[in-house]
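A short write-up of the structure that comes next.
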Amino acid sequence: MFSKQYLLVLCLLIFTSTIVAQDIDTKSIYKYQKDAFRLIFKQPKRAINITDSLISIHNHWPDSLKANNFKNKAILNAIQNDLDTALYYFNLSLEHLDPKQPEYPKMLNNIAVVYKKQNRFQKAFEVIELGDSIARAESNYNALALLAGQRATCYTRLQNFNLAIDFQKQAIDYFEKNKASREELIIEKHNLANLYMESGNYTIAKKCFKSLIPKLKDIDRQQTYYLAQLNLSKCEIKLGNYRIADSLVILSKSGLKEFNNTNFLSYADELKAEILVEQKQFDEAKQLYQFIVDKAFLNNNERLYDIASKYVKVLIETNNLQQSRAFIKKILNFSQTNPTRSYGLIDQIEFFKQVSSLISPENINDPSFYALKRLSVLQDSLHQLSNFALKRQLALEYEKQLAEKDNIILSKKISSEKDKNFILIFFALSVTLILLFMINYFRNKQKIARLEDLKRQREEKLLKSKLKAEQNLNEFKEHEIEKQKAEVMALTVERTKTINKFIELSKEFDKQTQKKISEKISQVTKTDKYWDHIQQKFKRLNPHFVSQLKQLYPNISNSQIDFCTLVKMRLDNKRIADILNITHESVITKKYRIKKKMGLDKTIDFTSYIESL
0 MFSKQYLLVL
10 CLLIFTSTIV
20 AQDIDTKSIY
30 KYQKDAFRLI
40 FKQPKRAINI
50 TDSLISIHNH
60 WPDSLKANNF
70 KNKAILNAIQ
80 NDLDTALYYF
90 NLSLEHLDPK
100 QPEYPKMLNN
110 IAVVYKKQNR
120 FQKAFEVIEL
130 GDSIARAESN
140 YNALALLAGQ
150 RATCYTRLQN
160 FNLAIDFQKQ
170 AIDYFEKNKA
180 SREELIIEKH
190 NLANLYMESG
200 NYTIAKKCFK
210 SLIPKLKDID
220 RQQTYYLAQL
230 NLSKCEIKLG
240 NYRIADSLVI
250 LSKSGLKEFN
260 NTNFLSYADE
270 LKAEILVEQK
280 QFDEAKQLYQ
290 FIVDKAFLNN
300 NERLYDIASK
310 YVKVLIETNN
320 LQQSRAFIKK
330 ILNFSQTNPT
340 RSYGLIDQIE
350 FFKQVSSLIS
360 PENINDPSFY
370 ALKRLSVLQD
380 SLHQLSNFAL
390 KRQLALEYEK
400 QLAEKDNIIL
410 SKKISSEKDK
420 NFILIFFALS
430 VTLILLFMIN
440 YFRNKQKIAR
450 LEDLKRQREE
460 KLLKSKLKAE
470 QNLNEFKEHE
480 IEKQKAEVMA
490 LTVERTKTIN
500 KFIELSKEFD
510 KQTQKKISEK
520 ISQVTKTDKY
530 WDHIQQKFKR
540 LNPHFVSQLK
550 QLYPNISNSQ
560 IDFCTLVKMR
570 LDNKRIADIL
580 NITHESVITK
590 KYRIKKKMGL
600 DKTIDFTSYI
610 ESL
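At position 13 of the sequence shown (counting the first as 1) the number is 12 in numbering that gives the first Met the number 0, and the numbers step up by one without a gap.
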């Protein structure tokens, strides 16, 4: 078999060398590139041989052919999880394309995919928006569909499933407008089914997968066909149908062995392990998870931290506490010595949360201290990314732009009709055909009136649409802001409890160790920026609250302003006490003193008064 492969490559070299010496046969080369692309997902080694051979002799080829070679090379590296190399070749491909070419925004979409896998969501969104603006200018609906789908996957990684589903539906609409192939539509609908599954809508997802599986087989997308069966298996697990789920896993794994796709095969094993856990077969699940974890380390599986979390749960369930601690420390050491940006951000956060709740620090250099720091960094990154994504989303006004474009076209039509009217008048005067002049004049006048009326109706419709869009946007923004407030406060309370936990644990050590731990906690507390984050988010929501409070009550202190800020956030006395590390009674006393300082009447409720400012 290998000899046939090398013979094919040799023939290809001879063929392409002949082309370079003579006129380049673009169609023939493109066919070889297309064949290489198809082999990427079926026979990657052959695809690598063909692609490298083409790159080695393409110096005198047109830029479009060079771009295809670099694109195939990038995809080969991407599926092997060598993301930096993939990004390098995608950018090389982009350099050989003209922005007006249909492939240019599609290449930007590929670059966004890599940034997303690296958890560099800000870069991913920037590239998507650049591609979107270029595709929109060229009416490239195919590229617009791909970019909308990519935006959906980014929001999925950020756990914003509602937006992800909206953009995936938009991608399908673009494909249908562009009269895309049946294969493209099926793949996009499969992506939508994945989103329903990820968002917890397992019944809807199950229905979608059942409909798509035979269609995927018809279009010969074998790996996606087996992946859809695995996803259907996951839905069946969540719905409690373990026997059906198990049979789907067995069938899919048998089919996937042909392609040697380590990522999909690992996914099949993970689902099997989940079934064993649900059936209380913890010993078998433990053995299988050990195998999956070893493979995940070997293959640099992007779901490593999710797998690790599930494995730790099984170890604890089977009372293998010592083994679980040893495994956790192994993961922590791996995390400190290996880049983590290719692993899922949410998976990492959940794993480090789990570690922080399971392992108590033995000394100041214990890995659990690293887990706490890493958790803080990851949570802060997630909030920054969520804020960035929300800001980007609020800036998008697709429907408004399209409506304005339609209005401009209509105005041009009106202007054109007016010009026709003047030409007709001039013609009528020049040939002294007064009657013809009058007829044409009134006809055009009526036409202009109709167009003016149509324009007025369009403007009224546009205004109504704009008001409705603004209303929906405000409602969405309010919902997201409230959600972010709750998350920030939850993190603050969690951090306070964690610090208190470490203070309590430090009492079990000797005085010298207690002093070191106390100094470390004090150092962490001094550099803690959670209160600054709370104030920044609060000021964005209530920009005039502090200045209004100072204007009304010039003698109020900064600490009292901070206390009023927490009341304004609608936090109850218990939450305020936890945040300020004081008693419930002290909160009530503070309210009474501030109310007295403000000179408020006894009949006025202090909390209601502060919330009304």
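In this text, a Cβ means the ideal position worked out from N, Cα and C, and glycines have one as well. Note that this is a predicted model, so its numbers are computed, not measured.
Across the set K573, I587, L82, the C-alpha of L82 shows the shortest separation from the C-alpha of N299. The criterion of a C-beta distance shorter than 9 angstroms is not satisfied by L303 and V311. Just so you know, the alpha carbons of L194 and A163 end up roughly 7 angstroms apart.
Here Q79 is actually not in contact with A111; their C-beta atoms are around 19 angstroms apart, not less than 8 angstroms. The DSSP-derived three-state label of G343 is coil. In the assembly as shown, D305 is a buried residue. Its beta-carbon has 16 or more other beta-carbons within 10 Å. Relative to D165, the option among N108, A284, S355, L191 whose CA is nearest is L191. Within the same chain, and ignoring the five residues on either side of Y552 in sequence, the residues whose Cβ sits closer than 8 angstroms to its Cβ are K596, M597. For I581, no alpha helix (DSSP H) segment is defined, and its DSSP state is neither H nor E. If you check the CB distance, L86 and Y103 do not come in under 9 angstroms.
Counting along the chain, K279 sits inside no alpha helix (DSSP H), nor does DSSP assign it H or E at all.
Judged by beta-carbon spacing, L226 lies within the 9 angstroms limit of F263, meaning their Cβ atoms are closer than that value. Exclusion of the five residues before and after Q513 leaves S505, K506 as the residues of its chain whose Cβ lies within less than 8 angstroms of its Cβ. Within the stretch 142–192, the complete alpha helix (DSSP H) runs of at least 4 residues fall at 160–176. Apart from sequence neighbours up to five positions away, the residues of its chain that approach E175 with a beta-carbon distance below 8 angstroms are L184, ordered along the chain. Of the other Cβ atoms in all chains shown, fewer than 16 fall within 10 Å of the Cβ of I581; this residue is therefore exposed. Contact between Q286 and Y241 does not hold, since the beta-carbon distance rounds to 18 angstroms and is not under 8 angstroms.
Shown here, I575 sits in a helix according to DSSP, grouped into three states. A contact is defined here as three or more CB-CB pairs under 8 angstroms, and the stretch 318–327 fails this definition with respect to the stretch 124–131. DSSP places G254 within a helical segment (H, G or I) once states are collapsed to three. Here K206 carries a helix assignment [DSSP, helix/strand/coil]. Contact check for I555 against N572 fails: the beta carbons are separated by 9 angstroms or more.
Taking C-beta separations shorter than 8 angstroms and ignoring five residues to either side along the sequence, the partners of L247 in its chain run Q228, L229, L231, S232, E235, following chain order. For the pair I74 and Y154, the Cα-to-Cα distance works out to about 22 angstroms. Where M106 is concerned, the enclosing alpha helix (DSSP H) starts and stops at 102–116. If you ignore the 5 residues before and after K589, its C-beta comes within less than 7 angstroms of the C-beta of F562, all in its own chain and listed in chain order. In the DSSP assignment, E316 falls within the alpha helix (DSSP H) that extends over 303–316.
Under the 10 Å beta carbon count, V430 is surrounded by fewer than 16 other beta carbons and is classified as exposed. Here A123 is not near L145, since their CB atoms are 9 angstroms or more apart.
Considering only R449, A295, I424, T50, the residue with the shortest C-alpha distance to M437 is I424.
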